[in-house]
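Novice: Per the working numbering, the sequence shown starts with residue 3, numbered consecutively. From the three backbone atoms N, C-alpha and C, an ideal C-beta is built for every residue, glycine too.
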Amino acid sequence: MSTRPARRETAVAAAAEPGTDVTPPARAPDRPEASAPPIATLRVPEVFAATGGSPRGLAPAEAAARRARHGPNELPPVSRRHVRRLLVAQFTDLFAVVLLVSSAITFLAYWLERPRDPATLQLALAILAVVLLNAGIGFAQEYSAERTAESLQAMVPHTCRVLRDAVRRELPARELVPGDLVVLEAGDAVPADCRLVEAQEAAVNNAALTGESDPVARVAEPVPPGPPLQTRNCLFMGTDLVAGTGKAVVFATGAATEFGRIFRLAATAPRQKTPLQLQVAVMARRVAGVALATGALLFAVRVPSGQPFVDTFVFSLGVMVALVPEGLPATLSVSLAIGVRRMARRHALVKQLLAVEALGSTSVICTDKTGTLTQAEMTVVRLWADGVPHAVTGVGYAPVGEVADAGSVRELLRAAALCGNARLVPPAGRDPWRVLGDTTEGALLVAARKAGLDPAAEEARTPRVAEHPFDSVRKLMSTVHRAADGGLFAYAKGAPLELLSRCDAVRSGGTRTPLTDDERRRVAAAADDMAGQGLRVLAVARREIAGPRPQVEEAETGLTLLGLAGMYDPPRPEVRDAVDACRRAGVRIVMVTGDHPLTAEAVARRVGIVREPDPTVVTGPQLDALDDSGLDSLLAGSTELLLCRVSPEHKMRVVTALRRRGEVVAVTGDGANDAPALKHADIGVAMGASGTDVAREAAVMVLLDDSFASITTAVGLGRSVYRNIRKFLIYLFSHNIAELAPILAATFAGFPLVPITAVQILAIDLGSDVLPALALGAEPMEPDVMNSPPRPRRERLFSAAVMGRILFLGGIQALGVCAVFFWHVNASGIPYADFTRSDPVYREAITMVQAGIVVSQFFNALAVRTDRQSVFRAGLFGNPWLLAAGCFGIGLMAAISYAPPLQAVFRTAPLAPADWAVLAAFGALLLAAEEVRKWALRRRRPRPEGGTP
Ligand code: ATP
3 MSTRPARRET AVAAAAEPGT DVTPPARAPD RPEASAPPIA TLRVPEVFAA TGGSPRGLAP
63 AEAAARRARH GPNELPPVSR RHVRRLLVAQ FTDLFAVVLL VSSAITFLAY WLERPRDPAT
123 LQLALAILAV VLLNAGIGFA QEYSAERTAE SLQAMVPHTC RVLRDAVRRE LPARELVPGD
183 LVVLEAGDAV PADCRLVEAQ EAAVNNAALT GESDPVARVA EPVPPGPPLQ TRNCLFMGTD
243 LVAGTGKAVV FATGAATEFG RIFRLAATAP RQKTPLQLQV AVMARRVAGV ALATGALLFA
303 VRVPSGQPFV DTFVFSLGVM VALVPEGLPA TLSVSLAIGV RRMARRHALV KQLLAVEALG
363 STSVICTDKT GTLTQAEMTV VRLWADGVPH AVTGVGYAPV GEVADAGSVR ELLRAAALCG
423 NARLVPPAGR DPWRVLGDTT EGALLVAARK AGLDPAAEEA RTPRVAEHPF DSVRKLMSTV
483 HRAADGGLFA YAKGAPLELL SRCDAVRSGG TRTPLTDDER RRVAAAADDM AGQGLRVLAV
543 ARREIAGPRP QVEEAETGLT LLGLAGMYDP PRPEVRDAVD ACRRAGVRIV MVTGDHPLTA
603 EAVARRVGIV REPDPTVVTG PQLDALDDSG LDSLLAGSTE LLLCRVSPEH KMRVVTALRR
663 RGEVVAVTGD GANDAPALKH ADIGVAMGAS GTDVAREAAV MVLLDDSFAS ITTAVGLGRS
723 VYRNIRKFLI YLFSHNIAEL APILAATFAG FPLVPITAVQ ILAIDLGSDV LPALALGAEP
783 MEPDVMNSPP RPRRERLFSA AVMGRILFLG GIQALGVCAV FFWHVNASGI PYADFTRSDP
843 VYREAITMVQ AGIVVSQFFN ALAVRTDRQS VFRAGLFGNP WLLAAGCFGI GLMAAISYAP
903 PLQAVFRTAP LAPADWAVLA AFGALLLAAE EVRKWALRRR RPRPEGGTP
């Protein structure tokens, strides 16, 4: 299944809509829909008969035939927003409406005026061109953003386990067909609509369909027909198995599923804008307001001074249009989309643009241990039984190595191997030995095989009759087996302290002896010794069962301890540097693990999270004893904090408390019950390779390689995106001042004509500004992004510092262009009142103003590249796109100045080399002024703060 809804709430809303209630899952495949008996009411053998399936699963040939008949198990490709609607939206946006109305008025003015001035027509056409161009860019951006989102979704791995001809396989979920027998475990997303035929303690979360996230129990027995989602033996695509295990027969796939129908309704939901986009939209609207007011002001000032009415009206309108920051929203989405793409290239898939900006201000990362900081490549290296340690040799999942004195740990390893669901897959082609399922359990299987045991043969000898699956609250699991004599017994394995508390005996010298307090302490010391070496420790136990099939409590109490297994999981080599980067960046790392405190501390030391001799180590039970204020002071006090033996509920509580303190929290999670914490955090990070579908669904970011280092990289990239956005905003808004200032100055100085025409301003905005702004949005990550503390959560994009910089740069530009204009005009000696539009001096002067803005924007683009560092140190040529975009703008300006057809349109004149030299000198002055400002800033504040400019 490659498509899942990006936003579940919408699916819920759609499901709740009147008239969209789901139909009962009465269809069995390969049978006419209407006459089919409700599959829920059938007994298990009848389910197989009705679907053409079998307890061995489908034969591959039959599956292929059904695949041809039913098509892939995929949701229909739904274009999220219809292309036409997307296009229309570009023209109904506020800016577009303002511009369209302006264009219409200008056309009207051209039609009314006598004699008709071609300049008015040009302006009307130019405004229309702006609308079309802008709509084109906007459409292209949004369309490609939708496609990106789709392809990103498709990259999220989505497979399922299926029995085909009695062989368990892992298949892409799209290959599922009706009649297939799927094998499900807690944490799996249900890949199609199916009917349970086997269920152990199964519970499902139907939130995607009903909005109700409490787990509900599911069974395999027939039930009377009723509302489909409450049918206690059916599972639906898009929901999640949150507890237990089971097998289920598929009865509907792809679009035929309930989810498929609701997905189509949900798929048209509008996208949400990020706070950053909203801030920019608000700012853009304010600027549009200023533009409108300026236009009105100019009109009001110029009409009484005897200017022709229509001329003045058209002029004021042109100024207003020119000041509207047309390309801004599109530039912003491009910048965010570039961030998403860069993160994807560095193994971090971001599902929402929102996460890109939140990542930039992340102040705490709560991280798991296994798989994120370590490689999740478990190898049992030590066993302990009856007071004696046993070394195990060999590395990885190849069952090659030896167990010292294997005979005396046989029962321990037999129990460890049978009490689990992982499978060892032999090497195929270039693939080495692999584990299918939980790597902890895989490592135990490997150890058993090293001791000469054949887990499959052992399983056949004492088949499993029940299972109480692992969950991270109990921290243990158990299986019940039938012995050769027909009696029952249970095996259990789990975290040492948890399991030990359920044991009342220990196996010693081959017999069961009571577990005295002394003996308990000895076992705990052995576990601590292994954990202190950074090993993950599991205790293993057994109990005989007298009566019929036992309940969980019975199978997991009164146990006899068989021994301990310690497994090594090497740290990921890249994590140490990533941890150092977080330290420099002021991002705090809190390790949150279900593991033993000593294991956690040893691993934390290895990867550099802990450096002090006494880090704060707090366990789940200790957290329980803290009230909210106690938890707050714990989080406020200790810098090196390890939370161990915690459950997902603790994780959730810690995330909530951190957010309450104003932190921006990223939290990792892989299990089904991590979903609440993932949803609650600012950035929920799920594991792409090893995590469950539930976690991936709840997270906003999925790590393709599961590595902590990828989170750090994403934080750096998030910061860099934010910086880049700030850069082009400063760049764009500062030049607006330079466009406005000469117009206002001329108006108030009593100069009868405009120092820059509306068409010229549009040429600047669309010729010289858009491309450099885009290039600034794509600036490479600066090496120092991770050298300053995170940006405060509440920092506004248009902070006082940013506004100050816009005024500083814009002010210098404004002074420069006003100077060149009046210098030119005054040097000619012609009285102001005698100037006409065709006067060569006037044409030269307005050309100088336009070229002055273009040239100074070239230097401005270089200046805004750094916040406080000298651009000469950062490297002037670090962004070749920016230079190319700047040169394009200057080339265009030269064409406007020298090419006769363009001269006719823009009423410009050819500039002399000396003019260009003056403008270049003035641009260099702007850069120099910025360098002085940055130097002063560096002197005043030697250390950067929050990355503020
Ligand atoms: P980590 O931070 O290392 O990823 P976690 O938070 O995922 O750990 P859990 O998977 O909840 O921790 O495991 C908690 C403890 O439960 C482990 O330390 C181990 O002793 C035990 N345990 C883990 N997996 C199993 C399993 N499959 N069967 C039995 N016990 C297990």
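1) Relative to the alpha-carbon of D684, which residue among P429, G138, E603, V657 has its alpha-carbon at the smallest distance?
2) Quick check: P650 and D676, are their CB atoms within less than 7 Å of each other?
3) Can you give the beta carbon distance from R197 to N235, rounded, assuming they're within the 8 Å contact cut?
4) For W825, does the count of other Cβ atoms within 10 angstroms reach 16, so buried, or fall short, so exposed?
5) Are the CB atoms of L561 and A494 within a distance shorter than 7 Å?
6) List in chain order: all unbroken alpha helix (DSSP H) runs of 4+ residues lying wholly within the stretch 362-403.
7) Using three-state DSSP, classify N862 as helix, strand or coil.
8) Do P744 and V851 count as a contact pair if the criterion is CB distance below 7 Å?
9) Mapping the DSSP letters down to three states, classify L101 as helix, strand or coil.
10) For E558, verify whether its CB is less than 6 Å away from any heavy atom of the ligand NAD.
11) Does DSSP classify G568 as helix, strand or coil?
12) Is P20 buried or exposed, if buried means 16 or more other CB atoms sit within 10 Å of its CB?
13) Return yes when the C-beta of F491 is under 6 Å from any heavy atom of the ligand ATP, and no when it is not.
14) Between the stretch 611-631 and the stretch 394-401, can you find at least three pairs of beta-carbon atoms closer than 8 Å?
15) Compute the minimum distance between the beta carbon of D440 and the heavy atoms of the ligand ATP, and state whether it is under 6 Å.
16) Which residues does DSSP list as the beta-bridge partners of H483?
17) In terms of residue numbering, what span does the alpha helix (DSSP H) encompassing D676 cover?
18) Given R171, which residues of its chain have a CB within under 6 Å of its CB, disregarding the five upstream and five downstream residues?
19) Apart from the five residues just before and just after R935, which ones in its own chain have a Cβ nearer than 6 Å to its Cβ?
20) Could you give the DSSP three-state label for T618: helix, strand or coil?
21) Which residues does DSSP pair with N207 in a beta bridge?
22) Relative to the ligand ATP, is the shortest distance from any of its heavy atoms to the C-beta of M479 smaller than 6 Å?
23) Use the C-beta contact count for W113: other C-beta atoms within 10 angstroms, 16 or more gives buried, fewer gives exposed.
24) Taking only the alpha-carbon atoms, compute the straight-line gap between P754 and R940 and give it to the nearest angstrom.
25) Determine, using beta carbons only, whether L884 and A863 come nearer to each other than 7 Å.
26) Should V184 be labelled buried (16 or more other beta-carbon atoms within 10 Å of its own) or exposed?
27) Taking buried to mean at least 16 other C-beta atoms within 10 Å of its own C-beta, is W937 buried or exposed?
28) Return the residue from the list A901, L636, L278 that minimises the CA-CA distance to R655.
29) Let me know if N75 comes out buried or exposed under the rule of 16 or more other beta-carbons within 10 Å of its beta-carbon.
30) Does the pairing of the stretch 379-394 with the stretch 807-823 give three or more beta-carbon distances under 8 Å?
31) Quick check: what's the CA-CA separation for Y900 versus L799?
32) Just verifying my parser: in three-state terms, what is the DSSP assignment at E555?
33) Less than 6 Å between C-beta atoms, sequence neighbours within five positions excluded: which residues of the same chain meet that for R436?
34) Specify, as a first and last residue, the run of the beta strand (DSSP E) that C162 falls within.
35) Near P117, which residues of its chain fall below 8 Å by C-beta distance, leaving aside the five closest residues on each side in sequence?
36) Are the CB atoms of R698 and A688 within a distance shorter than 7 Å?
Specialist: According to the data block:
1) Comparing Cα positions, the closest option is V657.
2) Taking 7 Å as the Cβ cut-off, P650 and D676 qualify as a contacting pair.
3) At roughly 6 Å, the Cβ-Cβ gap stays under 8 Å, so R197 and N235 are in contact.
4) Its Cβ having fewer than 16 others within 10 Å, W825 is exposed.
5) For A494 and L561, yes; Cβs fall inside 7 Å.
6) Fully enclosed alpha helix (DSSP H) runs of 4 or longer: not present.
7) Of the three classes helix, strand and coil, the one that applies to N862 here is helix, per DSSP.
8) Yes, these two residues count as a Cβ contact at 7 Å.
9) In the structure shown, L101 sits in a helix (DSSP, three-state: H, G or I).
10) The model depicted lacks the ligand NAD and carries the ligand ATP instead.
11) Note: G568 maps to strand in three-state DSSP.
12) For P20, the predicted structure reports a pLDDT of 30, less than 50, and the residue's modelled location is therefore unreliable. The matter cannot be settled from this model.
13) False, no ligand heavy atom lies under 6 Å from that Cβ.
14) No, they do not touch.
15) Answer for D440: yes, Cβ within range of the ligand ATP.
16) Residue pairing for H483: DSSP places it in a beta bridge opposite R466, F491.
17) Premise fails: D676 is in no alpha helix (DSSP H) and is neither H nor E.
18) Result list for R171: V164, in chain order.
19) Correct list: empty, nothing qualifies.
20) In the three-state reduction of the DSSP assignment, T618 falls in the strand class, which pools E and B.
21) BP columns for N207 point to D242.
22) Yes; taking the cut-off as 6 Å, the Cβ of M479 has a heavy atom of the ligand ATP nearer than that.
23) By the 10 Å Cβ count, W113 comes out exposed.
24) Taken atom to atom, the span from the alpha-carbon of P754 to that of R940 is near 45 Å.
25) The beta carbons of L884 and A863 sit closer together than 7 Å.
26) Buried, because 16 or more other Cβ atoms sit within 10 Å of the Cβ of V184.
27) By the neighbour-count rule (16 or more Cβ atoms within 10 Å), W937 is not buried but exposed.
28) Considering only alpha carbons, the answer is L636.
29) Burial call: buried.
30) Contact fails between the stretch 379-394 and the stretch 807-823, because fewer than three Cβ pairs, one in each stretch, are under 8 Å apart.
31) Straight through space, the alpha carbons of L799 and Y900 are spaced by roughly 40 Å.
32) In the displayed model, E555 falls within a helix according to three-state DSSP.
33) Around R436: V427.
34) Following the DSSP letters along the chain, one finds C162 inside the beta strand (DSSP E) bounded by residues 161-166.
35) Taken in chain order, the list of residues that qualify is empty.
36) The beta carbons of A688 and R698 sit closer together than 7 Å.
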